[in-house]
Every structure is written in structure tokens, then in C-alpha cells.
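>
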Amino acid sequence: MEPLQTVGSPALWGGFIAFVIAMLALDLGVFHRKAHTVSFKEALGWSTVWISLALLFNAGLWWKFGGKPGLEFLTGYLIEKSLSVDNIFVFVVIFSAMRIPALYQHRVLFWGILSALVLRAIMIFAGVAMLERFHWLIYVFGAFLILTGLKLFVQRNKEDHPEDGWMMRMLRKSIPSTTRFDGHHFFTVENGRRLATPLLMALILVEASDILFALDSIPAIFAVTRDPFIVFTSNIFAILGLRSLFFLLAGAVEKFSYLKVGLSGVLVFVGAKMALIDFVKIHPAISLGVIATLLGASIVASLIKAKNLPPQPHAPEAGADTLVKPSES
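Here the numbering used here is used: position 162 in the sequence shown is 228, and no number is missing along the way.
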């Protein structure tokens with residue numbers, strides 16, 4: 067078995083983690099100190115910032131370590147970014163079904179994604195350790211991705227209802243909760259009892275959905291590289307940009323009707339690449355080209371279809387008519 071190879075020195079690891087902490091502190095402590103509805107313009111600006119930072123980091127890897135790590139990061143980032151769009155479909159359903167006001171959706175996503183960063187890190191390092199010790203797991207991961215891709219294609223038109231699932235029923239039984247909002251708080255007090263507000267229940271569902279998506283996305287990037295630094299950084303950049311991407315695309319997710327077809331193709335391709343890794347060597351540039359072609363074709367086909375559809379009546383904003391108690395400072 068080949069020894070683990072990584073471009074990540076202790077200084078790079080420390081610098082990147084410090085960068086993530088600083089950006090999160092800047093996000094919550096400066097730009098989003100007060101709850102507000104994130105506008106399309108603001109979401110577009112932040113999406114541009116996160117994508118630019120990821121590409122700048124990619125350029126730095128390319129310059130410092132050469133084309134192979136650079137291509138691996140770019141391919142991994144593209145996979146993670148595209149799969150994160152599938153998260154957005156579920157987030158939209160959660161916020162709409164639980165009537166979470168747009169004013170507080172950013173707060174739910176911030177804390178949900180903060181916990182996702184920690185969980186992803188644990189899963190990535192566990193995956194690297196397992197693959198280093200048990201090489202045969204690479205075939206298991208590959209088969210899992212192929213089956214997941216096929217399942218996604220078969221169920222591409224199935225609607226998700228996480229608010230009615232077994233997890234939500236279990237939460238309602240185990241966590242005393244209320245349907246009343248109390249500003250941006252996750253807990254409130256009613257008749258002397260401390261109760262969870264709908265924001266906490268939505269947060270738990272967001273976290274649970276991210277764990278489920280991580281079971282697909284992390285094995286997918288292992289098909290591209292097993293360098294823990296590249297796996298980790300490409301994942302984190304994709305997650306950090308997820309909130310702004312949500313507010314950018316939340317009102318238009320129904321237009322991407324063929325995206326799941328493209329995502330299923332990506333999962334099947336990377337799964338086959340992983341399962342055949344000891345027999346067929348595919349250059350990172352070819353992997354990037356195939357993945358970009360699958361995603362690009364699905365997006366273009368979706369936009370063409372959406373353009374030819376008759377206009378739909380405007381749906382009311384999720385939570386717009388929900389009575390919200392003003393937050394007490």
C-alpha cells in the first residue's frame with residue numbers, strides 16, 4: 067500500500083483553520099450581527115466572495131505544489147459545490163414546511179453549517195484513516211456511490227418531506243417544543259417551562275440532512291484524491307459558501323429540474339472511478355472535464371426547460387404570515 071501523501075504541512079493546516087475561524091467570526095460578528103432578510107444582491111456578493119476565495123486558494127495550491135494538487139482541489143470543490151445544491155432543495159422544504167421567517171433563516175443556516183464543519187472534519191479524517199488501513203473499503207465506497215447515483219436518478223422527481231419524517235416525530239416526543247417563535251431564539255419560556263422554538267427544530271433537521279449528504283459527498287471526493295488536506299479544504303470552502311448560495315438560489319431551485327440527473331451521473335462516474343482505481347487510472351483533468359460536462363449539460367437543459375415553461379404564480383415567502391414575537395435584546 068502506498069504511504070499517505072499530503073501537501074498539507076502543519077503551518078498550512080494551522081493557517082487554513084485560522085482563516086476559517088476568522089471568516090466565521092467576521093460573518094456573524096460584523097456582517098450579520100442583527101437578524102435581517104438576506105437580499106439577492108447580498109447573497110450574490112457573498113457567493114462571489116466565497117467562490118473567489120476558493121479559486122484564489124486553488125491558484126495558490128497550483129503555484130506551490132503543481133498541477134496535480136491544483137486539479138484535485140478544483141475537481142473536489144466542483145463536486146462538493148454541486149452536491150451542496152442538492153442540500154438547498156431540502157433546506158427550502160424545511161424552511162417552507164416549518165414556516166421559518168426569512169428574517170431568521172440565516173441564523174439557522176449559520177449554526178447548522180458551523181456544526182457541519184466539525185462533523186465533516188471528523189468524517190474526513192475517519193475516512194482517510196479507514197482507507198489507509200483497509201484498502202478494500204475503496205471498492206465498498208465506489209459501489210455505494212454508484213448505487214446512490216442510481217437511486218438519485220430513480221427518485222429524482224420524488225418530493226422530500228423531512229418535517230413529517232421519523233426524525234421529526236422523534237424530536238417532538240423527546241424535546242419539549244412550541245410552535246411559537248420568540249424572535250431569533252432557539253428556546254423560549256412558556257408557563258415556566260423551557261421549550262424549543264421552531265428554529266431549533268429546523269436547525270436539527272438542517273444538521274441531520276447535512277450528515278446524510280456528507281455520506282455521499284465525502285466518499286465522492288475520495289475518488290479524486292486521498293490527500294486529507296485537499297479533501298478537507300475543498301469540503302470546507304463548499305460548505306462556507308452554502309448559506310450565500312442558498313439565498314441566491316432558494317427562489318429558483320424549481321428551475322433546476324435536471325440537476326439531479328447531472329448529480330446522479332457525477333456520483334455514478336466517481337463511484338466507478340473509485341471502484342476501478344486499481345485497474346484504470348483516469349487523469350485528474352479528464353475527471354474534471356467529465357464532471358463539468360455532466361453538471362453543465364444538466365444546468366443548461368434545466369434553464370432551457372424553465373424558459374419554455376409558462377410563468378407560475380408567485381408563491382408567498384416562507385414564514386411571511388407567521389406571527390413572530392420581536393426579539394428582546
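Idealized CB from N, CA, C, for every residue including glycine.
1) For V73, which residues from the same chain have a beta carbon less than 8 Å from its beta carbon, with the 5 sequence-adjacent residues on both sides left out?
2) Inspect the beta-carbon positions of F335 and A268 and report whether they are closer than 8 Å.
3) Roughly how many whole angstroms lie between the Cα atoms of T114 and L314?
4) Evaluate the contact criterion for the stretch 345-364 versus the stretch 168-178: three or more CB pairs, one atom per stretch, below 8 Å.
5) How big is the Cα-Cα spacing for F345 and S150?
6) Here's the rule: buried if 16 or more other CB atoms are within 10 angstroms of the residue's CB, otherwise exposed. What is G401?
7) Express the C-alpha separation of R222 and S368 in angstroms, rounding to a whole number.
8) Cβ atoms of F157 and F312: under 8 Å apart, would you say?
9) Thinking C-alpha only, which one of P76, W79 and D93 is nearest V307?
10) Please list the terminal residues of the continuous alpha helix (DSSP H) segment that includes L342.
11) Please classify I166 as buried or exposed, where buried requires at least 16 other C-beta atoms within 10 Å of its C-beta.
12) Please state if the CB of G337 and the CB of I212 are separated by a distance shorter than 8 Å.
13) In three-state DSSP terms, what is Q71?
14) Tell me the residue span of the beta strand (DSSP E) that contains T254.
15) Can you list, in chain order, the residues of its chain with a C-beta nearer than 8 Å to that of V86? Leave out the 5 residues immediately preceding and following it.
16) By the 10 Å Cβ neighbour count, where 16 or more other Cβ atoms means buried, how is K339 classified, buried or exposed?
17) Whose CA, out of S310, N153 and E138, lies closest to the CA of E108?
18) Taking the alpha carbon of D276 as the reference point, which residue from Y205, F155 and L203 has its own alpha carbon closest?
19) Quick one: Cα of I117 to Cα of F139, how far?
20) Of all the beta strand (DSSP E) runs that stay within the bounds of the stretch 146-192, which reach a length of 3 or more residues?
Reading off the structure:
1) In the sequence shown, counting from the first residue as 1, residue 73 sits at position 7. Only L127, K130, F131, P135, D293, F295 and I296 meet the Cβ criterion.
2) For the purposes of this step, residue 335 is taken as residue 269 along the sequence shown, with counting starting at 1. For the purposes of this step, residue 268 is taken as residue 202 along the sequence shown, with counting starting at 1. Contact: no.
3) As a first step, residue 114 must be located in the sequence shown, where it is residue number 48. As a first step, residue 314 must be located in the sequence shown, where it is residue number 248. Each residue's alpha carbon lies about 11 Å from the other.
4) no
5) For this step, residue 345 is matched to residue 279 along the sequence shown. For this step, residue 150 is matched to residue 84 along the sequence shown. Distance between the alpha carbons of F345 and S150 is about 30 Å.
6) Absent from the model: residue 401. The displayed extent of the chain is 67 to 395, so no value can be given.
7) Walking along the sequence shown from the start, residue 368 turns up at place 302. Walking along the sequence shown from the start, residue 222 turns up at place 156. Near 13 Å, if we compare the C-alpha coordinates of R222 and S368.
8) For the purposes of this step, residue 312 is identified with residue 246 of the sequence shown, where counting begins at 1. For the purposes of this step, residue 157 is identified with residue 91 of the sequence shown, where counting begins at 1. A contact, by the Cβ cut-off of 8 Å.
9) By one-based count along the sequence shown, residue 307 stands at place 241. Contrary to the premise, residue 307 reads as Gly rather than Val in this sequence. Comparing Cα positions, the closest option is D93.
10) Taking the sequence shown and counting its residues from 1, the one referred to as residue 342 is at position 276. Neither: L342 is in no alpha helix (DSSP H) and is coded neither H nor E.
11) Taking the first residue of the sequence shown as 1, we reach residue 166 at position 100. Per the 10 Å Cβ criterion, buried.
12) Translated into the one-based positions of the sequence shown, residue 212 becomes position 146. Translated into the one-based positions of the sequence shown, residue 337 becomes position 271. Yes, they are a contact pair.
13) Walking along the sequence shown from the start, residue 71 turns up at place 5. Here Q71 carries a coil assignment [DSSP, helix/strand/coil].
14) As a position in the sequence shown, residue 254 is number 188, starting the count at 1. Here the beta strand (DSSP E) through T254 covers F253 to E256.
15) In the sequence shown, counting from the first residue as 1, residue 86 sits at position 20. Cβ within range, chain order: L183, I302 and L306.
16) Start at 1 with the first residue of the sequence shown, and residue 339 comes out as number 273. It is buried - the Cβ of K339 has at least 16 other Cβ atoms within 10 Å.
17) Taking the first residue of the sequence shown as 1, we reach residue 108 at position 42. Ranking S310, N153 and E138 by Cα distance to E108 puts S310 first.
18) By 1-based counting over the sequence shown, the position of residue 276 is 210. With distances taken between Cα atoms, D276 lies closest to F155.
19) On the sequence shown, position 51 is the one that residue 117 refers to. On the sequence shown, position 73 is the one that residue 139 refers to. Straight-line Cα distance between these residues: approximately 13 Å.
20) none
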